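A short write-up of the structure that comes next.
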Amino acid sequence: MPDASILGLPLANPVIVGSGLLTDQERNIRRLIERGAGAVVTKTIHPNPPQGLDERIIRLPVGMLNSTTYSKRSVNHWLSVLSSFADDRLPVIASLHADTPAELAALAKDVETTGCQALELGISCLNEEEGLEDDNPDRVYAYTSETRGRTVLPLSVKLAVGEGLQDRVRAAIAGGADAITLSDTIGGAAVSPATGQLELNGVFGYSGPGLKPLVLAAVWQLRKRGVELPLMGCGGVSSGRDVADYLSVGANVAQVYSALHTDMYETLERIVAETRDLTGSSATAPLLTETPREAAI
21 MPDASILGLP LANPVIVGSG LLTDQERNIR RLIERGAGAV VTKTIHPNPP
71 QGLDERIIRL PVGMLNSTTY SKRSVNHWLS VLSSFADDRL PVIASLHADT
121 PAELAALAKD VETTGCQALE LGISCLNEEE GLEDDNPDRV YAYTSETRGR
171 TVLPLSVKLA VGEGLQDRVR AAIAGGADAI TLSDTIGGAA VSPATGQLEL
221 NGVFGYSGPG LKPLVLAAVW QLRKRGVELP LMGCGGVSSG RDVADYLSVG
271 ANVAQVYSAL HTDMYETLER IVAETRDLTG SSATAPLLTE TPREAAI
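Residue numbers for the sequence shown follow the working numbering, so the first one is 21 and each next one is one higher.
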């Protein structure tokens with residue numbers, strides 16, 4: 021399998037483990053890398069994560085619904101862990117969010133001091149108590165530009181597919197993003213057969229196979245519209261075929277997460293092996309880590 025890279029990180033392969041509960045522990049992150057992940061994105065680090073919420077995961081025949089938000093581990097804990105990863109030169113991307121752009125920028129600056137080499141701004145989570153009803157270009161630009169002003173670290177902005185995506189991508193690029201991650205979870209719901217009420221008592225983040233066609237279309241359309249920034253495809257990856265499909269439409273790498281909730285390490289090894297068999301030496305998308313941020317859209 022050809023080497024890849026994203027956000028300046030050299031990768032052994034284009035399979036990245038995305039942010040979530042499985043990446044909330046140092047031990048898991050290290051083992052995921054040992055078992056073949058090209059890189060791992062931490063659970064989203066937040067200086068003031070919501071408390072007292074009913075955070076759960078519901079398995080569906082077509083994926084998962086989750087009402088989880090951010091890591092409950094302290095920033096100081098994560099700074100120590102990230103320093104350890106940096107000392108061992110592990111390909112770890114720190115996922116970050118905060119209540120305001122200024123707080124996110126300050127957090128990014130603190131993370132930079134650990135030696136961590138790359139960031140993903142997890143600014144599009146819809147599972148907070150008030151939800152994320154208005155993820156608009158102004159908001160995306162504010163978080164991205166404020167963070168860019170405080171750190172030199174390469175950063176990807178994680179966005180959700182849906183209405184206004186092109187404008188939000190344009191805002192992230194204008195704010196200084198080095199890459200875009202598509203897609204965060206999208207709003208989903210399931211009805212409990214026992215009660216007739218919504219599982220988790222509302223609309224929360226859906227991830228799984230149903231997301232893949234939407235993200236493939238979004239990546240393809242962004243490339244057709246001239247976006248040259250590196251793209252991390254994320255949604256519905258459960259096989260090497262899924263990774264190859266993302267690379268085929270223009271993603272530079274693919275993130276896998278939900279599928280790893282079943283036989284985490286064995287599933288990852290299978291996906292990496294299948295990707296190797298399918299991509300060979302010529303099927304990876306062009307690696308555009310140094311592309312100007314002013315790309316057309």
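The beta-carbon is built from N, C-alpha and C at its ideal position, and this holds for glycine as well.
Fair warning: this is a prediction, and the values are worked out from it, not measured in the lab.
The residue among T120, N86, R261 and Q45 with its C-alpha nearest the C-alpha of R159 is T120.
The C-beta distance from L85 to G225 rounds to 7 Å, short enough to fall under 8 Å. Under the DSSP assignment, K129 falls in the alpha helix (DSSP H) whose first and last residues are P121 to E132. When the Cα atoms are used, E219 and S227 turn out to be separated by approximately 15 Å.
At a cut-off of 3 residues, the continuous stretches assigned as beta strand (DSSP E) that sit fully inside the segment 256-299 are 273-276. Cα atoms of A128 and L175: separation of roughly 10 Å, rounded to the nearest angstrom.
A buried status is given to L139, since no fewer than 16 other beta-carbon atoms sit within 10 Å of its beta-carbon. In its chain, beyond the 5 residues on either side, P69 have a beta carbon closer than 7 Å to the beta carbon of K92. In the displayed model, Y226 falls within a strand according to three-state DSSP. A buried status is given to E166, since no fewer than 16 other beta-carbon atoms sit within 10 Å of its beta-carbon. The segment 237-251 makes no contact with the segment 106-113; the number of CB pairs closer than 8 Å stays below 3.
In the DSSP assignment, E54 falls within the unbroken alpha helix (DSSP H) covering E46 to E54.
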